[in-house]
Amino acid sequence: MRLDLYLSQTNNISRKESQSLINSGCVFVNGKQITKNNFQVSEQSNVIVDKEKFIELSNNKKEYKIKDELKSWDYKIDVVFEDEYLMIVNKSSGIIVHPTSYGEDNTLANAIKFYFEKNKIKNEFNDLRNGIVHRLDKDTSGLIIVAKNKNTESLLKEMFVTNSIHRYYLALINGHLDSKKIEVQAPLKRIKNTNKREVSTDYDAEDAITIFYKLEDFKNISLVRCELKTGKTHQIRVHAKYIKHNIVNDPVYGSNKKTTSYGQYLVADQINFIHPITKKHIEVKIDMPKEFTEYIRKYGK
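The structure is reproduced here in structure tokens:
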């Protein structure tokens, strides 16, 4: 198991927080300091976290400590698949997946807690993710898997680590691809003191692979299918910038000027995997958001 995933599961913290611990040199495995998030550990590994050192380095205890109990948020979520073990929801653009150190209480995780309460689903989770096993950026819409118990959560997380869950996106990009298919293999690394990522050849950069498929060209923009072979933070957005076709309306990796009030035109519209419990093949697809069609009609003709 990856070290960052191991720390997340055993300490009830997010992957981002576990990676901060590792990157800050606060994690030791079998007596050796480890600074690579993907370092492999086993049940026999002796993993020690120097939390006091991390707090001192970050100079902000709130960045690490477990936050207050997750509050319920009476917000209707779009459930597109559900059984007794898991559900798949369609997250709207503009909604944060789970609270951060700022203490938000209007996130998808808050809404899921309300959904559990309303439908009398036993909630086994005591962390801020509330069964959510992966994430989407705030302004990226689309499909997210939510476990309904801890056993399913653990199995799903392992499936993400082994890339056994296949995710596909639709995106509007600036310009036109030179070919029908472009595979980008470009490692990513966090830019120091920011939450942004960049393509890097440094030793600690993480492998990242995205495949872009041309679907339709319009005036100055294109509709493309994006296939994730790995799942790194901001991966599609950074890789789109890398091939000089940034996502339309992306204020971070594209132009600083947004054309519309909508977020970046990126949606996780397809997901498929083998159910970890029932072993059935699960495939879910949602329609392209109306905002994409409106943008194409206004700017693509």
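The sequence shown begins at 37 in the numbering used here and counts up by one. Where a beta carbon is used, it is the ideal one built from N, C-alpha and C, also for glycine.
Legend entry - N- and C-terminal bounds of the beta strand (DSSP E) containing residue 203: Residue 203 sits at position 167 when you count from the first residue of the sequence shown. Unbroken beta strand (DSSP E) run through residue 203: 202-210.
Legend entry - Same chain, Cβ closer than 6 angstroms to residue 277, five either side skipped, listed in chain order: The residue you call residue 277 lines up with position 241 of the sequence shown. These residues qualify, in order along the chain: 289.
Legend entry - Buried or exposed by the 16-neighbour rule on C-beta atoms within 10 Å, applied to residue 240: Within the sequence shown, the letter at position 204 stands for residue 240. Exposed: under 16 other Cβ atoms inside 10 Å.
Inset, instruction - Identify every residue that forms a DSSP beta bridge with residue 114. - result: Within the sequence shown, the letter at position 78 stands for residue 114. Looking at the DSSP output, residue 114 shares a beta bridge with 126.
Inset, instruction - Would you kindly work out how many angstroms separate the C-alpha atoms of residue 333 and residue 283, rounded to a whole number? - result: Walking along the sequence shown from the start, residue 333 turns up at place 297. Walking along the sequence shown from the start, residue 283 turns up at place 247. Taking the straight line from one Cα to the other gives about 17 angstroms.
Inset, instruction - Use the C-beta contact count for residue 270: other C-beta atoms within 10 angstroms, 16 or more gives buried, fewer gives exposed. - result: Position 234 of the sequence shown, counted from the start, is the residue given in the question as residue 270. With 16 or more Cβ atoms within 10 Å of its Cβ, residue 270 is classed as buried.
Legend entry - Helix, strand or coil at residue 259 [DSSP, three-state]: Mapped onto the sequence shown, residue 259 falls at position 223. Correct three-state label for residue 259: strand.
Legend entry - Helix, strand or coil at residue 339 [DSSP, three-state]: Lying before the first or after the last residue shown, residue 339 is absent from the chain, which here runs from 37 to 337.
Inset, instruction - Measure the alpha-carbon distance for residue 74 versus residue 227 and round it to whole angstroms. - result: Position 38 of the sequence shown, counting from 1, holds the residue named residue 74. Position 191 of the sequence shown, counting from 1, holds the residue named residue 227. So the two alpha carbons sit approximately 18 angstroms from each other.
Legend entry - Beta-carbon proximity of residue 127 to residue 177, cut-off 7 angstroms: On the sequence shown, residue 127 is found 91 positions in, with the first residue counted as 1. On the sequence shown, residue 177 is found 141 positions in, with the first residue counted as 1. Against a cut-off of 7 angstroms, the Cβ pair of residue 177 and residue 127 comes out as a contact.
Inset, instruction - Please determine if the stretch 249-265 and the stretch 177-194 are in contact, where contact requires at least 3 C-beta pairs separated by less than 8 angstroms. - result: no
Inset, instruction - Would you tell me roughly how many angstroms separate the C-alpha atoms of residue 171 and residue 336, rounded to the nearest one? - result: Reading the sequence shown from its first residue, position 135 is the one you call residue 171. Reading the sequence shown from its first residue, position 300 is the one you call residue 336. Computed Cα separation, rounded: 30 angstroms.
Inset, instruction - Using three-state DSSP, classify residue 243 as helix, strand or coil. - result: Against the sequence shown, residue 243 aligns to sequence position 207. Three-state result, residue 243: coil.
Inset, instruction - Going by CA-CA distance only, name the one from 110, 192 and 258 that's closest to residue 206. - result: As a first step, residue 206 must be located in the sequence shown, where it is residue number 170. The candidate whose alpha carbon is nearest that of residue 206 is 258.
Inset, instruction - Buried or exposed for residue 209, please, with buried defined as at least 16 other CB atoms from any protein chain shown within 10 angstroms of its CB. - result: Here residue 209 is taken as the residue at index 173 of the sequence shown, counted from 1. The residue in question, residue 209, is buried, as its Cβ has 16 or more Cβ neighbours within 10 Å.
Legend entry - Coil, strand or helix - residue 42 by DSSP: To locate residue 42, count along the sequence shown from 1; it is residue 6. Helix at residue 42.
Inset, instruction - Determine which residues share a DSSP beta bridge with residue 332 and list them. - result: Translated into positions along the sequence shown, residue 332 becomes position 296. DSSP output for residue 332 lists no bridge partner at all.
Inset, instruction - In the DSSP assignment, find the alpha helix (DSSP H) that holds residue 217 and state where it starts and stops. - result: Along the sequence shown, read from residue 1 onward, the residue named residue 217 stands at position 181. The continuous stretches of alpha helix (DSSP H) do not include residue 217, which lies in the beta strand (DSSP E) extending over residues 217-221.
Legend entry - 8 angstroms contact criterion, which residue 300 and residue 286 should meet: CB distance rounded: Taking the sequence shown and counting its residues from 1, the one referred to as residue 300 is at position 264. Taking the sequence shown and counting its residues from 1, the one referred to as residue 286 is at position 250. Yes, they are in contact, since the Cβ atoms of residue 300 and residue 286 sit about 4 angstroms apart, within 8 angstroms.
Inset, instruction - Look at the alpha carbon of residue 349 and the alpha carbon of residue 236, and state the distance between them as a whole number of angstroms. - result: Residue 349 is absent from the structure shown; the chain starts at 37 and stops at 337.
Inset, instruction - Just mark residue 167 as buried or exposed, buried being the case when its beta carbon has 16 or more other beta carbons within 10 Å. - result: On the sequence shown, residue 167 is found 131 positions in, with the first residue counted as 1. Burial call: buried.
Inset, instruction - Find the nearest neighbour of residue 169 within the set 190, 294 and 155, judged by alpha-carbon distance. - result: Residue 169 sits at position 133 when you count from the first residue of the sequence shown. Per the Cα distances, 190.
Inset, instruction - Take the Cβ of residue 56 as the centre, count every other Cβ of all protein chains shown within 10 Å, and call the residue buried at 16 or more, exposed below. - result: Translated into the one-based positions of the sequence shown, residue 56 becomes position 20. Under this definition residue 56 is a buried residue.
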